[in-house]
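Colleague: Sequence lines, in order, name chains E and V.
So in UniProt numbering, the last one in the first sequence is 143, and the numbering has no gaps at all.
So in UniProt numbering, the last one in the second sequence is 143, and the numbering has no gaps at all.
Built from N, CA and C at the ideal position, the CB exists for glycine as well.
Below you'll find the structure I mean.
2 protein chains.
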Amino acid sequence: MTSERHTVGTQLSFALYGAANRMARLHKPFLEPLGLTFPQYLAILELLDGAPLSVGTLGARLDMDTGTITPLVKRLEGAGFVTRTRDPADERRVLVDLTPRGRALEAEVRGITDKIKSACQLTDQGMDDLRRTLEALAHPASE
Amino acid sequence: MTSERHTVGTQLSFALYGAANRMARLHKPFLEPLGLTFPQYLAILELLDGAPLSVGTLGARLDMDTGTITPLVKRLEGAGFVTRTRDPADERRVLVDLTPRGRALEAEVRGITDKIKSACQLTDQGMDDLRRTLEALAHPASE
DNA sequence: TTCGCTTATCTAGCGTACTAGATTTTAGAA
DNA sequence: TTCTAAAATCTAGTACGCTAGATAAGCGAA
Numbered sequence: 001m002t003s004e005r006h007t008v009g010t011q012l013s014f015a016l017y018g019a020a021n022r023m024a025r026l027h028k029p030f031l032e033p034l035g036l037t038f039p040q041y042l043a044i045l046e047l048l049d050g051a052p053l054s055v056g057t058l059g060a061r062l063d064m065d066t067g068t069i070t071p072l073v074k075r076l077e078g079a080g081f082v083t084r085t086r087d088p089a090d091e092r093r094v095l096v097d098l099t100p101r102g103r104a105l106e107a108e109v110r111g112i113t114d115k116i117k118s119a120c121q122l123t124d125q126g127m128d129d130l131r132r133t134l135e136a137l138a139h140p141a142s143e
Numbered sequence: 001m002t003s004e005r006h007t008v009g010t011q012l013s014f015a016l017y018g019a020a021n022r023m024a025r026l027h028k029p030f031l032e033p034l035g036l037t038f039p040q041y042l043a044i045l046e047l048l049d050g051a052p053l054s055v056g057t058l059g060a061r062l063d064m065d066t067g068t069i070t071p072l073v074k075r076l077e078g079a080g081f082v083t084r085t086r087d088p089a090d091e092r093r094v095l096v097d098l099t100p101r102g103r104a105l106e107a108e109v110r111g112i113t114d115k116i117k118s119a120c121q122l123t124d125q126g127m128d129d130l131r132r133t134l135e136a137l138a139h140p141a142s143e
């Protein structure tokens, strides 16, 4: 009945835009009780995997620009999850480290993955295939 | 060498977040000369497929909330691409229609799809499969 | 008709994302 | 050493994306 529609709905970029937004919304009910937003949750995950990290390194890992990561880290500091310290070896750098309060999030934060996985009803294999496809997508050939 | 990293990089949600951001960045050089942002480009595409639409209908098609779509449409109006008119049949509604200046974007806007397609180096088949996978993803079962 | 409920849109406020420009530290050259 | 350029971070401004609350028009029932 909507046979004449052939524009936005057929665009890969629109599907991607929608799926990413839906995924963030799916996380919200689990993250809100912890006092985290979705991008903040990604930052905490990255820090759990090896803090301290410089602001620049953290941003690069998450593919976030300096104008995004700086205020995000400051909010995490304000919430008491991380500390920000000038690197004594290079005073240009700011090292971000987890506080005990930040580390205490680990169990709950890691548990969220499983809850999302079941909500998506994807097999481990399907999820992994999709992840790999997305990682390759829209990446300039040089990288 | 980074064999111990196993957190953010392995998350489907992170891959999705990154791919959507990269896709929007990929569009930017084509959209900037037209004076459009990526979400505005999606709105124009939807309107080209059948204007006028009410603010609510347009938002629903794009899966954008009222707090997002209202200011977006007002900016499109300010740029002279659309008009906003109260629906005489129901004064609660605001109908969004393309101006001649808005319709004049059609050729260039539709051409962007092909440019993105070649930048992504995906076959039509691969693109379509991915699109279908994403459309199903993170959609509650009821829909 | 009028009360009250629903629907459609708008507004305000917070947290991303992005760009561009400013600041501070480091490092190299004259 | 001092001048200069590069690197790391910060700040300001615009545009989403979300929530919550406000406004206004339609609509059914007493």
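1) Tell me the residue span of the beta strand (DSSP E) that contains V:Val8.
2) For V:Thr85 and V:Thr99, I'd like the C-alpha separation in whole angstroms.
3) I'd like the ranges of any alpha helix (DSSP H) spanning at least 4 consecutive residues and lying wholly in the segment 29-59 of chain V.
4) Beta carbons nearer than 9 Å to chain V: which residues of the segment 54-74 of chain E have them?
5) Candidates E:Glu135, E:Leu95, E:Leu130, E:Val73: which alpha carbon is nearest E:Leu53's?
6) Under 8 Å by Cβ, that's how I've got E:Leu12 and V:Leu130 pegged, so tell me the actual separation to the nearest angstrom.
7) By a C-beta neighbour count over all protein chains shown, 10 Å radius and 16 as the cutoff for buried, is V:Glu40 buried or exposed?
8) Would you verify that the beta carbon of E:Asp49 is, or is not, closer than 8 Å to some beta carbon of chain V?
9) Measure from the alpha carbon of V:Thr87 to the alpha carbon of each residue in V:Thr10, V:Lys117, V:Gly56, then state which is nearest.
10) Can you have a look at V:Ala89 and say buried or exposed, based on whether 16 or more other CB atoms are within 10 angstroms of its CB?
11) Name the chain E residues that come within less than 8 Å of V:Arg22, Cβ to Cβ?
12) Drop a sphere of 10 angstroms on the beta-carbon of E:Thr7, count the other beta-carbons inside from all chains shown, and report buried for 16 or more, exposed for fewer.
13) At a Cβ threshold of 8 Å, is E:Ala19 touching chain V?
14) Ends of the alpha helix (DSSP H) at E:Leu95?
15) Could you give the residue range of the alpha helix (DSSP H) that holds V:Asp128?
16) Taking only beta-carbon positions, decide if V:Met1 is within less than 8 Å of chain E.
17) Name the one or two DSSP bridge partners that V:Arg75 has.
18) For V:Arg92, which residues in chain E fall below 9 Å Cβ to Cβ?
19) DSSP three-state call for E:Asp87: helix, strand or coil?
20) Interface residues of chain E around V:Gln11 at Cβ under 9 Å?
21) If I measure Cβ to Cβ from residue 149 of chain E and keep anything under 7 Å in the same chain, skipping five residues before and after, which residues do I get?
22) How many angstroms separate the CA atom of V:Leu16 from the CA atom of E:Gly35?
23) Rounded to the nearest angstrom, what separates V:Gly18 and E:Thr37 at their Cα positions?
24) If we ignore side chains and look at the alpha-carbon of each, how far apart do V:Glu108 and V:Cys120 end up?
25) Which of helix, strand or coil does DSSP assign to V:Gly102?
26) Identify the contact partners of E:Ala15 in chain V, using a Cβ-Cβ distance below 7 Å as the criterion.
27) Which residues does DSSP list as the beta-bridge partners of V:Val82?
28) Under the three-state reduction of DSSP, which class applies to E:His27: helix, strand or coil?
29) Taking the alpha-carbon positions, what's the V:Glu46 to V:Arg61 distance?
Modeller: Quick look at the numbers:
1) Per DSSP, V:Val8 belongs to no beta strand (DSSP E) and is neither H nor E.
2) 12 Å
3) 38-48
4) Arg61, Leu62, Asp63, Met64
5) E:Leu95
6) 6 Å
7) Residue identity check: residue 40 of chain V is Gln in the sequence provided, not Glu. Its Cβ being crowded by 16 or more others within 10 Å, V:Gln40 is buried.
8) yes
9) First, the amino acid is wrong: residue 87 of chain V is Asp here, not Thr. Checked all of V:Thr10, V:Lys117, V:Gly56; the closest Cα to V:Asp87 is V:Gly56.
10) exposed
11) Asp63, Leu137, Ala138, His139
12) buried
13) yes
14) Run containing E:Leu95: none in the alpha helix (DSSP H); it sits in the beta strand (DSSP E), 90-98.
15) 124-136
16) Residue placement at V:Met1 is poorly supported in this model, since its pLDDT is 47, which falls under 50; the coordinates still yield a value, given next. No, its Cβ sits nowhere closer than 8 Å to a Cβ of chain E.
17) Looking at the DSSP assignment, V:Arg75 forms no beta bridge with any residue, so it has no partner.
18) Going along chain E, no residue has its Cβ under 9 Å from V:Arg92, so there is no contact; the nearest lies around 24 Å.
19) strand
20) Leu42, Leu45, Thr113, Ile116, Arg131
21) Residue coverage of chain E in this structure runs from 1 to 143, which leaves residue 149 of chain E outside it and unanswerable.
22) 22 Å
23) 16 Å
24) 19 Å
25) helix
26) Arg131, Leu134, Glu135
27) V:Leu98
28) helix
29) 8 Å
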